[in-house]
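> Here it is: the structure, laid out below.
Protein chains: 2
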Amino acid sequence: MNDPGPQKRNSNAADSGAREALIHAAIERIGHDGFDAVSIRAIADRAGVNAALISYYFGGKEGLYGAAVQHIADQIAARQVPVVEAIEQQLAAGNDSREACFEALCRVADGFLTMLTSPESAPWARIILREQQDPTPHFETLYEGPMGRVMRLCVLLHARIQGREEPTIDDRLGTATIMAQVAFWRSNHAAALRLLGWESVGPDEREIIRDRLHDNFARILGVPR
Amino acid sequence: MNDPGPQKRNSNAADSGAREALIHAAIERIGHDGFDAVSIRAIADRAGVNAALISYYFGGKEGLYGAAVQHIADQIAARQVPVVEAIEQQLAAGNDSREACFEALCRVADGFLTMLTSPESAPWARIILREQQDPTPHFETLYEGPMGRVMRLCVLLHARIQGREEPTIDDRLGTATIMAQVAFWRSNHAAALRLLGWESVGPDEREIIRDRLHDNFARILGVPR
DNA sequence: TGCAATTAATTAATCGAATGATTAATTTGT
DNA sequence: ACAAATTAATCATTCGATTAATTAATTGCA
């Protein structure tokens, strides 16, 4: 937890050292097979380094997983925080009409849908959803980080759309049913593909989903289109 | 796959032999920790039998998992098939008005929500959702069994509600967004609890969710309430 | 019915392989 | 030269599976 680790010889951040390689390899392999199903040797092989470096840098397999989760949280934050802050400023500027809030909510949902279905971030999504279904102590890293902030913003937008100043339990419930329709395409991926008769969810399918979700959201929230 | 296994000495079905105990223990432990995270010794201890019986009865850990999945599929079928057949007969009898089909769709969704959130079937749900996110060959057992049948019925009901005779891609998409709002409470369990500020999803919370889902479904499908 | 013979069910002991972790030695960069 | 980074070798454990031995139930036959 508070292990500073060995001092970096090369403090160049853009450097692709063994540490970064291990984190990326861990995200890929753990995201694909799960924490318990992957050995540290498999991760080290993917990273192209010796397995002993996992203990050297992270104190063990657990520590590497924690660092991987932290890296995911940082990446999500780097992408979502600008969107979140833009919407927060928009609200602070008084631009909080039903239409504006609905459009903002759709923007957030689109970002999540893209993340959950794009191949590049698929390993992140797998790890996040595993943590949500069976939380480890690292769940806090994700939820108290970017996820929670995005969720709170969605609840706030939901309240504004419903004409409320302060969110109620109904707003949290509505937000859940909205985000549920986004998360479904990852958490129930195999069943979703079967149901739609798709091979995979590519850009074309993502657009079809997005259109339908926006339509659903408008109907649920009673926003005229 | 085609292993008949040793002949049962006691063919009494209600008997609680080692075989049944192992299947139940496997569902509990694998549902809780995942296939790779659980050892055959842990499963055998829970079942109160020797670990060697797993190979004796099922040919190994894989075989035990397959039997567990099959047992889950059977249990689901035993509960859902009556509901499905009742609705199919209702449709065959010409009772296929918008209101009747909507009510039937809600009934199916209620059954799924109860299964996904009730403690007794929680291990089933965990295994099912793991299979959907990371399918093994046993996914077929679940989807080509009761799950697929329920899903096809939901798509058909969706089509009827929309006034169509034959389901379109739009009906399948709509069914997905509807079932998504049910599955969410299990697949994103931890995040859902955080979002709602709940400790767990008990009967009271389930009723709150159900009311909201019915409301959403009616709005999405354009059914007056 | 009695009672060995036979088969099924269950167990303890053990196997080789793989696991996560550690150690000591070696390479690399400053 | 020194310290950080990296490696090969090895550690004790645990894994899934197998084996041989033991117990329990069923059958065949008198």
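Residue numbers (numbering that gives the first Met the number 0), protein chains in the order written: chain A, 0 to 224; chain B, 0 to 224. Quick reminder that beta carbons are idealized off the backbone N, C-alpha and C, glycines included. All values reported here derive from a predicted model rather than from experimental measurement.
Quick one: which chain B residues come within Cβ less than 8 Å of A/PRO134?
ALA189
> Are the C-beta of A/GLY65 and some C-beta of chain B separated by less than 8 Å?
For A/GLY65, no CB of chain B lies under 8 Å from its own CB, so it is not counted at the interface with that chain.
> Counting only beta-carbon separations shorter than 8 Å, does A/TYR142 have a partner in chain B?
yes
> Classify A/SER120 as buried or exposed, calling it buried when 16 or more other Cβ atoms lie within 10 Å of its own Cβ.
buried
> Using a Cβ-Cβ cutoff of less than 7 Å, which residues in the same chain neighbour B/ILE207 once the five nearest sequence positions on both sides are dropped?
none
> Under three-state DSSP, which class holds A/THR176?
Under the three-state reduction of DSSP, A/THR176 is assigned to helix.
> For B/VAL80, which of helix, strand or coil comes out of DSSP?
helix
> For the candidate residues A/ASP95, A/ALA124, A/PHE34, whose alpha-carbon lies nearest to that of A/ALA72?
A/ALA124
> Give the straight-line distance between the Cα atoms of A/ASP14 and B/ALA41, rounded to the nearest whole angstrom.
Residue confidence for A/ASP14 is low, a pLDDT of 45 falling below 50, so the modelled location carries little weight; the figure read from the coordinates is stated next. Their backbone Cα atoms lie some 44 Å apart in a straight line.
> Whether or not the region 212 to 222 of chain A and the region 153 to 163 of chain A are in contact is what I'm after, with contact meaning three or more pairs of Cβ atoms, one per stretch, closer than 8 Å; do they touch?
The region 153 to 163 of chain A makes contact with the region 212 to 222 of chain A, as at least three CB pairs between them are under 8 Å.
> Rounded to the nearest angstrom, how far is the Cβ of B/ILE26 from that of B/ALA67, given a contact under 8 Å?
5 Å
> Exposed or buried, B/GLN88, counting other C-beta atoms within 10 Å across all chains shown (16 or more means buried)?
exposed
> Quick check: A/LEU104 and B/THR176, are their CB atoms within less than 8 Å of each other?
no
> Quick check on B/MET0: buried or exposed, where buried means 16 or more other Cβ atoms within 10 Å of its Cβ?
The pLDDT assigned to B/MET0 is 35, lower than 50, so where the model puts this residue is not dependable, and the model offers no usable value.
> For a contact meaning CB atoms closer than 7 Å, what does B/GLN180 contact in chain A?
Here the neighbours are THR176, ALA179, GLN180.
> Since A/LEU152 and A/VAL107 should fall inside the 8 Å C-beta cutoff, what is the C-beta to C-beta distance between them, to a whole number of angstroms?
7 Å
> In the DSSP assignment, find the unbroken alpha helix (DSSP H) run with B/THR140 in it and report its ends.
Taken as a continuous stretch (DSSP letters only), the alpha helix (DSSP H) holding B/THR140 covers 138 to 141.
> How long is the line joining the alpha carbons of B/ASP210 and A/THR174, rounded to whole angstroms?
15 Å
> Could you check what DSSP says for A/ASP35 in three-state terms: helix, strand or coil?
coil
> Taking the alpha helix (DSSP H) that A/ASN215 belongs to, which residues open and close that run?
202 to 220
> Beta carbons nearer than 9 Å to chain A: which residues of the region 189 to 221 of chain B have them?
ALA189, ALA190, ALA191, ARG193, LEU194, LEU195, GLY196, ILE207, ILE208, ARG211, LEU212, ASP214, ASN215, ARG218, ILE219, LEU220, GLY221
> Ordered along the chain, which non-local residues of its own chain (more than five positions away) have a Cβ less than 6 Å from that of A/ARG171?
VAL154
> Where does A/ARG224 fall in DSSP's three states?
DSSP places A/ARG224 in coil when its eight states are reduced to three.
> Please report the straight-line C-alpha distance between B/ALA50 and B/LEU21, rounded to a whole angstrom.
If you take the alpha carbons of B/ALA50 and B/LEU21, they lie about 9 Å apart.
> On the DSSP letters alone, give me the boundaries of the alpha helix (DSSP H) that A/GLN161 sits inside.
Per DSSP, A/GLN161 belongs to no alpha helix (DSSP H) and is neither H nor E.
> By the 7 Å beta-carbon criterion, what residues does the region 25 to 50 of chain A contribute toward chain B?
GLY33, ASP35, ALA36
> Using a Cβ cut-off of 8 Å (strictly closer), state whether A/ARG18 contacts chain B.
no
> Which of helix, strand or coil does DSSP assign to B/THR116?
Helix at B/THR116.
> Tell me whether A/ILE168 is buried or exposed, calling it buried when 16 or more other Cβ atoms sit within 10 Å of its Cβ.
exposed
> To the nearest angstrom, how far is it from the Cα of B/ARG185 to the Cα of A/PHE57?
Looking at the backbone, the Cα of B/ARG185 and that of A/PHE57 are separated by about 32 Å.
> Using the beta-carbon of each residue, which ones in chain B are nearer than 9 Å to A/LEU112?
Ordered by position in chain B, no residue passes the 9 Å Cβ test against A/LEU112, which lies about 12 Å from the chain.
> How would you list, in chain order, the residues of chain A whose beta-carbon sits under 7 Å from the beta-carbon of B/GLN131?
ASN187, HIS188, ALA189, ALA190
> Taking Cβ positions only, does A/ARG171 come closer than 8 Å to chain B?
yes
> Compare the C-beta of A/PHE101 against all C-beta atoms of chain B and say whether one is closer than 8 Å.
Output row for A/PHE101: interface = no.
> Could you tell me which of A/ARG45, A/GLU143, A/SER96, A/SER38 sits nearest to A/ARG18, measuring between CA atoms?
Among A/ARG45, A/GLU143, A/SER96, A/SER38, the Cα nearest to that of A/ARG18 belongs to A/ARG45.
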